[in-house]
Amino acid sequence: MHLKYESFVREPLVDGDKTYHQVTEDIVRPIEQKPGRMWYVGFYFSVLLLLFGVFSVTWAVYWGLGTWGVNRTVGWGWDITNFVWWVGIGHAGTLISAILLLFRQGWRTGVNRAAEAMTIFAVMCAGQFPIFHMGRVWDGFFVLPYPNSRGPLWPNFDSPLLWDVFAISTYFTVSLLFWYSGLIPDFATVRDRAKTKFRKLMYGFASFGWTGSAKSWQRHEALSLVLAGLATPLVLSVHTIVSFDFATSVIPGWHTTIFPPYFVAGAIFSGFAMVQTLLIVCRRIMGLEEYITVGHLEAMNKVIVLTGSIVGVAYLTELFMAWYSQVVYEQAAFQWRIAGPYWWSYWAMMTCNVVSPQLFWFKKLRRNIPFTFIMSIVVNIGMWFERFVIIVTSLYRDYLPGSWTYYSPTWPEIGFYLGTFGLFFTCFFLFAKYFPVIAIAEIKFVLKTSGESYKNKMDKIDAKSTEEFIQEQAESHHH
Amino acid sequence: MAIKKFAVACYDDEEVLFPAVKKVRHSGYKMHDVYTPFPVHGLDQAMGLKETDLHVAGFIYGIAGTATALGFMGWIFTSDWPMVFGGKPHFALPAFIPITFELTVLFSAVGMVLTFCYLNQIMPGVKKHLFHPRQTDDLFVMAVELNDQVTEQEVIEFLKTTGAVETSVQNAETEWWYGRWDKEEDYQLAGS
Chain A
914 MHLKYESFVR EPLVDGDKTY HQVTEDIVRP IEQKPGRMWY VGFYFSVLLL
964 LFGVFSVTWA VYWGLGTWGV NRTVGWGWDI TNFVWWVGIG HAGTLISAIL
1014 LLFRQGWRTG VNRAAEAMTI FAVMCAGQFP IFHMGRVWDG FFVLPYPNSR
1064 GPLWPNFDSP LLWDVFAIST YFTVSLLFWY SGLIPDFATV RDRAKTKFRK
1114 LMYGFASFGW TGSAKSWQRH EALSLVLAGL ATPLVLSVHT IVSFDFATSV
1164 IPGWHTTIFP PYFVAGAIFS GFAMVQTLLI VCRRIMGLEE YITVGHLEAM
1214 NKVIVLTGSI VGVAYLTELF MAWYSQVVYE QAAFQWRIAG PYWWSYWAMM
1264 TCNVVSPQLF WFKKLRRNIP FTFIMSIVVN IGMWFERFVI IVTSLYRDYL
1314 PGSWTYYSPT WPEIGFYLGT FGLFFTCFFL FAKYFPVIAI AEIKFVLKTS
1364 GESYKNKMDK IDAKSTEEFI QEQAESHHH
Chain B
5 MAIKKFAVAC YDDEEVLFPA VKKVRHSGYK MHDVYTPFPV HGLDQAMGLK
55 ETDLHVAGFI YGIAGTATAL GFMGWIFTSD WPMVFGGKPH FALPAFIPIT
105 FELTVLFSAV GMVLTFCYLN QIMPGVKKHL FHPRQTDDLF VMAVELNDQV
155 TEQEVIEFLK TTGAVETSVQ NAETEWWYGR WDKEEDYQLA GS
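These protein sequences, in sequence, are chains A and B.
Per the numbering used here, residue 914 is the first one in the first sequence, and the count goes up by one each step.
Per the numbering used here, residue 5 is the first one in the second sequence, and the count goes up by one each step.
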């Protein structure tokens, strides 16, 4: 038995006077109740968007990629922009669930479940883009290394595009396993208090027959720790490999070694913004303000200002290197980014990603919920433009002035992008209704150390002198 | 299938549970298991459980992934269908690193989760005996096996002195079986 004491300097992670049972009640309540009107409106709107996306993609597959605005010069347009954007968003979930677990950041417990769900849904959305960008999507399985009747002709293992196939599919699988292994005990909690037969059946199935035996928990802890250890380098590798898609080429604007850290920082930046967008709405609608506190939002805003600044430094480094390299093509590419026909996308990126997050240096603004919500959307717009700038403004003017062009998307491309929002939010609404959106067992684990009412009881210990405290502890361990 | 008889004690605080676990171990009664709604650190040591070797399994799976990736890509590009890409050597180790890393992680994660499920005997459709419906909510439940050497009353009385808020005597299946959680099984009668 150890003393449950945490410094008063740390903000409580769970507000209010909670018992273990109350935690269960609060988090399972949305699952057991009928969802409110807002949920239905949001859910059906998402399904509608999803259907429009399906229609747009079907259109492009049926008529061919000529229906998109991409052309011979700008071969990658909105599709790869959206792919990189969605993959980047996914990174926050793994960062929260894995890296912050290794760093023993207690505040991750309130938000990790929803953030991991976001990761999985975002990677699902991201995966659609390279798949349908193939054009003849029915031949998509050619990327898999299987013994085939064409030689067998294997895929090119030296190509970053193939590395991407492995990185994204591994990332999706491992995130899913990590997420689900955490969900098993919480599904068991829902199962054991279920009143309806249907709920008992479904959650009984989903909880794999979990009973909470001490040995199972011991293995569960070991599993979580090793999966976190694996997911940490994995999440860094995924966006590094995505950045290799660009960095290993010889196109001005892409041919740079700064891309891996720059992409990873940008991914975490946009991912945390998306977590903020989702959780600010979620905590309000589902009444979880005591679990996802302003302290949680502030912690994430700190990550946003840090990664936003890293991204800013990367932008400036790129500019400096273009000038310092004395390569005219590199210089021209950056000159046109700033003041060429796509100047608006460059400045949208600069404003949203570098300038506006600096406001988070002010504590008042970091703890202001409406401001955080607006900023979270601004950041994601900025990060979308970053990918657009990297991809389109590096391609549209190539080495041959005769093939210079101006790219704009057509409706099936826009519809495809909107459709992935539909997919993302359809999944997220279902998640919010049927899954415990906060890790119940993990909250109970930190409750007596970091719960508000329990921390307040520690003021007596805090007031004691060190000698007195040591004396008492020694006595209590002797009987 | 092994149906046994248990004395069950429920505690509402882990700080009561720890001394209780210690007392039961010293008393010589056979502790079957302890069920908790969340991982209680130190409980495994208190119960005298061995450290799990799951992470060793994870390491072995990871190495298997590394070997698979390097062996497969190496074999393809040096012997099955050698090709030159961008002037790189056939066995282009730096270019193989990303896929090798991904497969290491993938094998390790998938292998570990499957091993975890196997060791805990859990999978969809599995059913196990629950000693108390609140053991996944807010109760810490200890099951003590009853045999010929001890009487029911004696054990229950003892458990009450350890601070249990609720006690009961149950016949329980100790293994898992296929079943639906919305159906009540009547196996208890068959055992007694």
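Even for Gly, the Cβ is constructed at its ideal location relative to N, Cα and C.
### Query
For B/I160 and chain A, any beta-carbon pair shorter than 8 angstroms?
no
### Task
Determine the DSSP secondary structure at B/A73, reduced to helix, strand or coil.
helix
### Task
List the residues of chain B whose Cβ lies closer than 8 angstroms to the Cβ of A/S1094, in chain order.
V117, F120
### Message
Suppose you measure from the CA of A/F1085 to the CA of A/R1104; what does that come to, to the nearest Å?
### Response
27 angstroms
### Query
Does any residue of chain B bring its CB to less than 8 angstroms from the CB of A/F1079?
yes
### Query
Does the segment 1026-1034 of chain A touch the segment 1190-1201 of chain A, meaning 3 or more C-beta pairs lie closer than 8 angstroms?
yes
### Three-state class that DSSP yields for B/E158 in the structure shown
helix
### Message
Going residue by residue through the segment 6-66 of chain B, where are the continuous beta strand (DSSP E) segments of at least 3 residues, counting only ones entirely within it?
### Response
7-15, 34-39
### Message
What does DSSP give as the partner residue(s) for B/M146 in the beta ladder?
### Response
B/A13, B/V38
### Query
What residue from A/G1001, A/N995, A/S1321, A/A1127 has the CA that sits closest to A/I1154's CA?
A/G1001
### Boundaries of the alpha helix (DSSP H) in which A/V1155 is found, first to last residue
1127-1160
### Task
Take the Cβ of A/K1110 as the centre, count every other Cβ of all protein chains shown within 10 Å, and call the residue buried at 16 or more, exposed below.
exposed
### Message
On the criterion of 16 or more Cβ atoms from any shown chain inside 10 Å, does A/I1383 qualify as buried, or is it exposed?
### Response
exposed
### Query
Between which two residues does the beta strand (DSSP E) harbouring B/T171 extend?
170-177
#### Entry: DSSP three-state assignment for A/K1377, whether helix, strand or coil
coil
### Task
Check A/V1163 in the structure and name its three-state DSSP category.
coil
#### Entry: B/W181 - partner residues in DSSP beta bridges
B/K131
### Task
Please classify A/D930: does DSSP put it in a helix, a strand, or coil?
coil
### Query
Does any C-beta atom of chain A lie closer than 8 angstroms to the C-beta of B/A68?
no
### Helix, strand or coil at B/A194 [DSSP, three-state]
With a pLDDT of only 47 at B/A194, under the threshold of 50, the placement of this residue in the model should not be trusted, and no figure is reported.
### Proximity to B/P128 [Cα-Cα], best of A/W1123, A/P1058, A/L1090
A/W1123
### Range of the contiguous alpha helix (DSSP H) that encloses A/K1346
1324-1347
### Nearest candidate by alpha-carbon position, reference B/V130, set A/L1278, A/G1332, A/Q1131, A/A1101
A/A1101
### Task
Give a yes or no on whether the C-beta atoms belonging to A/S1094 and A/L1140 are separated by under 8 angstroms.
yes
### Query
With a Cβ-Cβ cutoff of 8 angstroms, do A/S1183 and A/V1292 count as a contact?
yes
### Query
Of all the options A/V1151, A/T1170, A/H1152, which has the alpha carbon lying nearest to the alpha carbon of A/A1412?
Here chain A covers residues 914 to 1392 and nothing more, so residue 1412 of chain A does not appear.
#### Entry: Own chain, CB closer than 6 angstroms to B/K9, minus 5 neighbours either side, in chain order
L150, N175
### Message
Taking beta-carbon pairs under 8 angstroms, can you tell me which members of the segment 98-116 of chain B lie near chain A?
### Response
A99, F100, P102, I103, F105, E106, L107, V109, L110, S112, A113, V114, M116
### Task
With DSSP as the reference, label A/G988 as helix, strand or coil.
coil
### Query
My guess is that B/F144 and B/V38 are in contact by the Cβ rule of under 8 angstroms, so how many angstroms apart are they, rounded?
7 angstroms
### Message
Beta-carbon within less than 7 angstroms of B/K54's beta-carbon, same chain only, minus the 5 sequence neighbours each way: which residues are those?
### Response
none
### Query
Hey, is A/Y1175's beta-carbon within less than 8 angstroms of any beta-carbon in chain B?
no
#### Entry: Close Cβ partners of A/S1366 (< 6 angstroms) along its chain, the five nearest in sequence each way excluded
D930
### Message
Please tell me whether A/A1212 and A/W991 are closer than 8 angstroms, where the distance is taken between their beta carbons.
### Response
no
### Collapsed DSSP secondary structure at A/P1060 in the structure displayed
coil
### Task
Determine the extent of the alpha helix (DSSP H) in which A/W1257 is found, giving its start and end residues.
1256-1263
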